[in-house]
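Heads up: the structure comes next, in structure tokens.
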Amino acid sequence: MLAPPSTVYPLQENSASTKMPDPCLLVIFGATGDLTAKRLVPALYNLAREGLLPAHFAAVGFARRPKDDDIFRQDMHDAVAQHSRVKPIDEELWKSFREQLFYHRSEFDDEGGYERLRESLAQLERRLGLKGNRMYYLSTQPSYFPVVVRKLHEHGLLYDVREEAERWSRVVIEKPFGHDLQSALDLQQSLSQYLDEKQVFRIDHYLGKETVQNLLVLRFANPFFESLWNNRHIDHVQITVAEEQGIGTRGRFWEEAGMLRDIVQNHMMQLLSLVAMEPPIRLTASAIRDEKVKVLESLRPIQKDAIQEYAVRGQYGEGFSAGSRVCRYTEEPNVSPTSTVETYVALKLYIDNWRWAGVPFYLRAGKRLPKRTTEIAIFFREAPSFFCFSPLAKAQGNVLVIRIQPDEGIALRLNCKVPGLANAVQPVKMDFRYGSFFGATPPEAYERLIADCMMGDSTLFAREDEVRASWKFLTPLLTEWANSPPPSFPNYASGTWGPQEADRLLAREGRSWRLM
Amino acid sequence: MSTDSPSPETGGSLACLFNLVLFCHDSKRASYLEELIDMISDKFPCRVIFLQASLSSHSHEVNILSRKVSHPKRPFAYERVDIELGAENLSAHSLLFVLPYLVPDLPLYLMWDQDPTEDLPLLHAFKPYASRVIFDSTTIPSLGPFATRLLAEGSEASHCLVDITWARLKGWRNLLQQTFATPDRHHQLECLNHLDIVTNSLPDDATRRHDLQALYLQAWMATRLGWTPSGTQREGSRLVLLYDRGGQRIEVGMSASTDDTLPNGTLLSLNFSSREGHSFAFKRQSQSRLVRVEVSAPDRCEMPTALPLSSLEKGLQFLQELFYEPSSTHYQEFLGLLSRFPPTPPPFPWQQFRRFRDERRELLVPGNREETVEFAAEWLLALAEEAIEKRGLCTIALSGGSTPERIFERLTTHPRTFRVDWSRVMLFWSDERAVPPDHPDSNYGMAMRAGLSELPLLPQHVFRMEAEHSIERQALRYEELIQANVPDQTFDLILLGVGDDGHTASLFPHSKGLTVEGRLVLANYIEQKQTWRMTFTFEAIHRCRHLCVYVLGKDKAWVLSRILRNEDPSLPACRLGTKPHKAFFIADRQAAQLLLTTES
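So the protein lines, in turn, are chains Z and R.
Heads up: the first sequence runs through residues 1 to 516, numbered per this note's numbering.
Heads up: the second sequence runs through residues 517 to 1116, numbered per this note's numbering.
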């Protein structure tokens, strides 16, 4: 999964555990936003603490608000103190780290702003002795993505990919990558005018999570799973992304997006493709992503007239969360009282390939569910029904659960005989928890992803065709839902596991959602 | 282990990632290993099996204690088995005590606190089960020969050999790699001509030397940057290693300083300077993981920065290197360089100092006092190296006096010291006063204080004369020791001095010891001083390959000239040297003045 560094210096060690990010400059567009304060700068700071940030490095915040270097540094200090996964902040390290932070005030479409940026980047590079490696992180409103990339190009801040032997330029893009197929294609069109796919890194922070990366290891380093990983042995798969919280202060954003766009289109499709993919021919970014795309392209399209059989939407009503009464979605701030936006989605999918023919994949994602949990559950086929040890306590099918968060780990449900003369059967769980076996706390998703981008490893980033395939599959559903009135919203109470239609989606086939 | 040390038998679910079998041969290192276990179990819970040679228990006794160890701040507990073995059982049998306690199916890592290439039945018994053999080179006396053996073993071993010192340098290797990762910086590295390394010298029981990390780091850089070793020299207490790169000379200086907030051997600072006048200074901050980096060029200074030396979590990088890193080609290359280092010096040219000889004696005059001490130390090291090379062992008998004291001091700092495998050197004494070892008059005590205690000698190879009580019985015992340990009772080297009265060893004029036959060591009553001494007889003295007699200072000029001119056969020192076993008198110009003036 390791891309060769652009230049190898003699002191560099060529082992997998010692890969080091290339020296570079990072420009953050939208540096006064939440993401920068809560995720990006704390991640950079923690990389610095781990000794994983290049020694030759500077981050330039690019935003519209009037600030100078000192104010920006102080703001970032407060942000890191509050949001870093390790507290308290190491003031001595910060003294060095703050010198690597700069602020550049400009409008996103101001020619002069980019010209000044070009000059100050060149100056920084001279000072740091850098060869010109540049990482542009777009965490602005998505509508600015095309203009920023165009301006970067016009001001000579991007390199032609064919001339990148000695130095590189990379653009990191935060979700959302479009809001439907057409907008995604348009955005891609505006990027590919100036950028090669190799230069684009689409962040899906789920891929930065340790347990998601472990999916590949679990599947392909344990051959015995692989031999069972098909429609002969697997009955169905459930993927759940449950949130206990409501939409909070993100009303304005949520009214535009909804659950399908915010969670399903990116995160859940990534989980689905990692669980269902064929073994890649080698462990490189392109080989792995080739296989993931094939999964998304094999998804059986949802027919307009059969939507109710495959998809359920919901919106939360009043109820309880963490023991206190909470309001319905339409009473949240900045939400229309008549909103038809979904806060819950359940889907039944089929992957029409040889391996998965006939195996349903059930996906559900919702806000204001009883607890926060993300997991993948693989349900194996049950023993033939005549083969019954005990009519009272029946054997239950084997389930392999991969918990993404919290309590990252893997559990397997098995059946055991209850000791005694009678042949009673009891399901038991073999449970592996990362936290109970490894004492080290894993890095935050953003730390891993930023470091990977600096190293040029795009394995954990979404490729253009993945994004396209995912939108292509979901856009008919989006359109249909937009055009047809929703069922009587709200259709589930806060603090429950979603609308009853979602239960019926599985009950029709004699299955049920896993009790969590 | 501080106040929050693990308390047995409390909560925490049991976890285990591998079996870790640790050996503690030297009880002084136990607390060091305990700290390591604590650090490991914080990150990677494992079944710890700790084998320790017991001093108190009877030689056949075995004590086994198995318990669960948990820690209030840790989510998991681990199981630990302590096995205390008497000396008799610390052989190949100890495997039999370990096998029942292994967690099946999980890998076994062996942590060995001595030379992992040693030909020991115990080690052979464990190696087939172990997938990693983790060893600590702080206990290795001589790196060069060790690196050669390790390379040979590594090429055929099925297990991975992991060097703790190498793993400890992970942080520094990363830091240097990062600092020099731009074209300009890399260019400066290419034209480097000076590197100065300072290590923390804070002697403790667990780590025998403080310069090991410095030696490792510079050897790693040398292999990465293509430097060829060309020599060593000494500037005061500073050891300088010389390299050549494309005709350019590179000097690597190593010296010691003290920071008592950091452990012994920690790298305190690195200073690079290049021919183009650039300099890079790395200073380890006290009580911190940070290294302050100052970079300057002839025309400018950069703002100093602080870089972290290791990962955020204490010891994580180090432990990952110990348990997960495969043997790297960098390490192999590094061993290759160590095995060739320092470069073989030219044959030792003692003949040039020859001033006088007869059929049983030679006089060598290397120069003034200082030059003579230098010569004596270097010759001793060269002889030791040669003896080990030819016979696998070097036996030396030392004497007391102020001249040997100077020589011993020089031994510890001489660059040639690195070439000697001190674990194969055995030390004896040719005479001793009737005082306990900590008495200021003790010859043994003097030698240790003068620096021999700093050499990586094995304690069981240092044979002190116990002259403080029952001196005659002890003399017989010492004879037995010689017979048991010195092949053919022939020493490789015996060092002697000469007194103003012509005595040598503790063979004073007219004393009984001069005439006793059939004995190697005896208790000699010294009429002149009215005291007993334990001393070698001439019979023992002439059982040696090299007999060196040091005579320094103008006070000795008269007696030396009388000895070598055979003017007074009653002087015991006149009897030194036989035809088959020549005596080499090594004198400075002042001591030899009477002989030199008449000659010229």
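Just so it is clear, CB atoms sit at the ideal spot from N, CA and C, and this is done for glycine as well.
Treat the numbers as computed from the prediction; the structure is a model and nothing was measured.
- The residue from Val399/Z, Glu464/Z, Arg448/Z, Cys453/Z with its alpha-carbon nearest to that of Leu47/Z is Arg448/Z.
- Within the region 33-54 of chain Z, the residues whose Cβ lies closer than 9 Å to any Cβ of chain R are, in chain order, Asn46, Ala48, Arg49, Glu50, Gly51, Leu52, Leu53, Pro54.
- The count of Cβ pairs closer than 8 Å, one atom from the region 1009-1028 of chain R and one from the region 1075-1086 of chain R, reaches three, so the stretches are in contact.
- Burial check for Arg162/Z: the Cβ neighbour count within 10 Å stays below 16, so the residue is exposed.
- In the same chain as Thr441/Z, and ignoring 5 residues on each side of it, the C-beta atoms closer than 8 Å to its own belong to Arg85, in chain order.
- A direct Cα-Cα distance of roughly 46 Å separates Ser557/R from Glu297/Z.
- Put simply, the region 319-336 of chain Z does not touch the region 271-284 of chain Z. Fewer than three CB pairs are less than 8 Å apart.
- Cβ contact annotation for Phe380/Z (same chain, cutoff 8 Å, sequence separation greater than five): Leu228, His233, Ile234, Asp235, Gly397, Asn398, Val399, Leu400, in chain order.
- Below 8 Å, too few C-beta pairs join the region 18-26 of chain Z and the region 425-434 of chain Z to call them touching: fewer than three.
- Here the region 667-676 of chain R makes contact with the region 648-657 of chain R; the two share three or more CB pairs at distances below 8 Å.
- The beta carbon of Ile656/R is closer than 7 Å to those of Asp631, Phe662 in its chain, skipping five residues each way along the sequence.
- Excluding five sequence positions before and after Val756/R, the CB atoms of its chain that fall closer than 6 Å to its own CB belong to Gln749, Glu767, Gly769, given in chain order.
- Taken through DSSP and simplified to helix, strand or coil, Ala963/R comes out as helix.
- The region 153-172 of chain Z and the region 728-744 of chain R do not touch, with fewer than 3 CB-CB distances between them shorter than 8 Å.
- It is roughly 11 Å from the alpha-carbon of Phe934/R to the alpha-carbon of Asp727/R.
- Taken atom to atom, the span from the alpha-carbon of Trp895/R to that of Arg949/R is near 27 Å.
- Within chain Z, Gly439 have C-beta atoms less than 8 Å from the C-beta of Asp558/R, given in sequence order.
- Taking C-beta atoms under 8 Å as the contact rule, Pro561/R and Cys540/R fail to qualify, at a distance of about 21 Å.
- Between the alpha carbons of His205/Z and Gln74/Z lies a distance of about 27 Å.
- With a cutoff of 7 Å on beta-carbon distance, Ala346/Z and Leu505/Z are scored as near each other.
- Our two residues, Gly132/Z and Glu125/Z, have alpha carbons roughly 7 Å apart in a direct line.
- Secondary structure note for Lys799/R: its beta strand (DSSP E) is the uninterrupted segment 795-800.
- Rounded to whole angstroms, the Cβ separation of Asn884/R and Asp1104/R is 6 Å, and the two are in contact under 8 Å.
- Residues of the region 818-836 of chain R whose Cβ lies closer than 9 Å to any Cβ of chain Z, in chain order: Glu818, Met819, Pro820, Thr821, Ala822, Leu823, Pro824, Leu825, Ser826, Ser827, Leu828, Glu829, Leu832, Gln833, Leu835, Gln836.
- In the DSSP assignment, Glu886/R falls within the unbroken alpha helix (DSSP H) covering 885-907.
- Residues of the region 844-855 of chain R that bring their beta carbon within less than 7 Å of a beta carbon in chain Z comprise Ser844, His846, in sequence order.
- Rounded to whole angstroms, the gap between the alpha carbons of Phe1101/R and Glu970/R is 28 Å.
- Apart from the 5 residues on each side of it in sequence, Phe891/R sits with its Cβ closer than 6 Å to the Cβ of Pro882 in its chain, given in chain order.
- Here Leu117/Z has His104 as same chain residues with Cβ atoms under 6 Å from its own Cβ, once five neighbours each way along the sequence are excluded.
- For Ser190/Z, DSSP records no beta bridge to any residue.
- A Cβ-Cβ separation of about 6 Å places Val237/Z in contact with Val275/Z under the 8 Å criterion.
- About 12 Å separates the CB atoms of Thr140/Z and Gly61/Z; that is not less than 8 Å, and the two are not in contact.
- At a beta-carbon threshold of 8 Å, none of the residues of chain R lie near Glu197/Z; the nearest stands roughly 27 Å away.
- Taking each of Ala1089/R, Leu1111/R, Tyr847/R in turn and checking the Cα distance to Thr681/R, the smallest one comes out for Tyr847/R.
- At least one CB of chain R lies nearer than 7 Å to the CB of Tyr9/Z.
- With contacts defined by Cβ atoms closer than 7 Å, Leu181/Z and Lys472/Z form a contacting pair.
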